[in-house]
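Peer 1: Take this structure first; my questions come after.
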Amino acid sequence: MVSELQASGSTIEIITHSLEETQTLGRKIGARVGAGTVLALTGELGSGKTAFVQGLARGLDVPDSYYITSPSYTLVNEYPGRFPFFHVDLYRLDRLLDVEDIGLYEILTTEGVVAIEWAERLHDDHLSEHLAVDFEIFNDESRKISITAYGLDGVNLLKGLEK
264 MVSELQASGS TIEIITHSLE ETQTLGRKIG ARVGAGTVLA LTGELGSGKT
314 AFVQGLARGL DVPDSYYITS PSYTLVNEYP GRFPFFHVDL YRLDRLLDVE
364 DIGLYEILTT EGVVAIEWAE RLHDDHLSEH LAVDFEIFND ESRKISITAY
414 GLDGVNLLKG LEK
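Residue numbering for the sequence shown follows the working numbering, beginning at 264 and increasing consecutively.
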């Protein structure tokens, strides 16, 4: 369970104290997102991005038979669920042209849900309405997760999480 929640405008900050709490937060968000939602994930290696995406997938009803792992080498993994779910990892990309090569722009226009790890490698103008999710390591187990909504759907989602 997420143990602390603070809200300020269109940003919330959450402290999770375990891998399971980070996954639970992802599951709660996955259960609330709609088609076309984009989540831009940032944070250093080991900060909880993939754990969050694992929970997100379960909240999107991706079957348990699918093992959710970071697509560091494949760059994009697609999973079936309530909406098609695309998990993108930009860690190994060096140039903006590489983003075009993996078909990210086409993925962003689908009715699926897209989670992009290492989203800071995109130019700001590539994402309009989205949830920016930043992960910060507090200690071995705890993470500070800041979620900022860009767009009305995201703001409404954050208000729902506050309840």
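We treat Cβ as the ideally placed atom computed from N, Cα and C, and that holds for glycine.
According to the neighbour-count rule (16 or more other Cβ atoms, all chains shown, within 10 Å of its Cβ), is F398 buried or exposed?
Peer 2: For the purposes of this step, residue 398 is taken as residue 135 along the sequence shown, with counting starting at 1. Result: buried.
Peer 1: Opposite H280 in the DSSP bridges: which residues?
Peer 2: Numbered from 1 along the sequence shown, position 17 holds the residue referred to as residue 280. The partner list for H280 (beta bridge, DSSP) is empty, contrary to what the question assumes.
Peer 1: Along the alpha helix (DSSP H) that carries D416, what are the first and last residues, could you check?
Peer 2: The residue labelled residue 416 in the question sits at position 153 within the sequence shown. Segment 415-425, the alpha helix (DSSP H) holding D416.
Peer 1: Can you grab the Cα-Cα spacing for the pair S273 / L424, in whole Å?
Peer 2: Position 10 of the sequence shown, counted from the first residue, corresponds to residue 273. Position 161 of the sequence shown, counted from the first residue, corresponds to residue 424. In a straight line, the C-alpha of S273 is about 12 Å away from that of L424.
Peer 1: Kindly indicate which three-state DSSP category I325 falls into: helix, strand or coil?
Peer 2: Position 62 of the sequence shown, counted from the start, is the residue given in the question as residue 325. Residue identity check: residue 325 is Val in the sequence provided, not Ile. Three-state DSSP puts V325 in coil, outside helix and strand.
Peer 1: Please confirm if the region 374-382 is in contact with the region 282-299, defined as three or more CB-CB distances below 8 Å between the two stretches.
Peer 2: Cβ pair count under 8 Å is three or more, so yes.
Peer 1: Helix, strand or coil for A303 per DSSP?
Peer 2: Within the sequence shown, numbered from 1, the residue matching residue 303 stands at position 40. Strand.
Peer 1: From this set, D403, A314, A395, L282, which residue's C-alpha is nearest E276's C-alpha?
Peer 2: By one-based count along the sequence shown, residue 276 stands at place 13. Of D403, A314, A395, L282, the residue nearest in Cα terms is A395.
Peer 1: Report the CB separation of L353 from R384 in whole angstroms; it is logged as a contact under 8 Å.
Peer 2: Working through the sequence shown from its first residue, we reach residue 353 at position 90. Working through the sequence shown from its first residue, we reach residue 384 at position 121. Indeed they touch by this definition, with Cβ atoms about 4 Å apart.
Peer 1: For the beta strand (DSSP E) that contains I379, what are its first and last residues?
Peer 2: Here residue 379 refers to the residue found at position 116 of the sequence shown. Where I379 is concerned, the enclosing beta strand (DSSP E) stretches over 376-380.
Peer 1: Can you pull the DSSP bridge partners for N340?
Peer 2: Here residue 340 corresponds to residue number 77 of the sequence shown, with the count starting at 1. DSSP lists H350 as partners of N340.
Peer 1: Our contact map puts F492 next to I370 with C-beta atoms below 8 Å; I'd like the distance itself, whole angstroms only.
Peer 2: Residue numbering for the chain in the displayed model covers 264 to 426; residue 492 lies beyond these limits and cannot be assessed.
Peer 1: Using CA coordinates, which residue listed in G306, V301, G322, D403 is at the minimum distance from T287?
Peer 2: Taking the first residue of the sequence shown as 1, we reach residue 287 at position 24. Of G306, V301, G322, D403, the residue nearest in Cα terms is G322.
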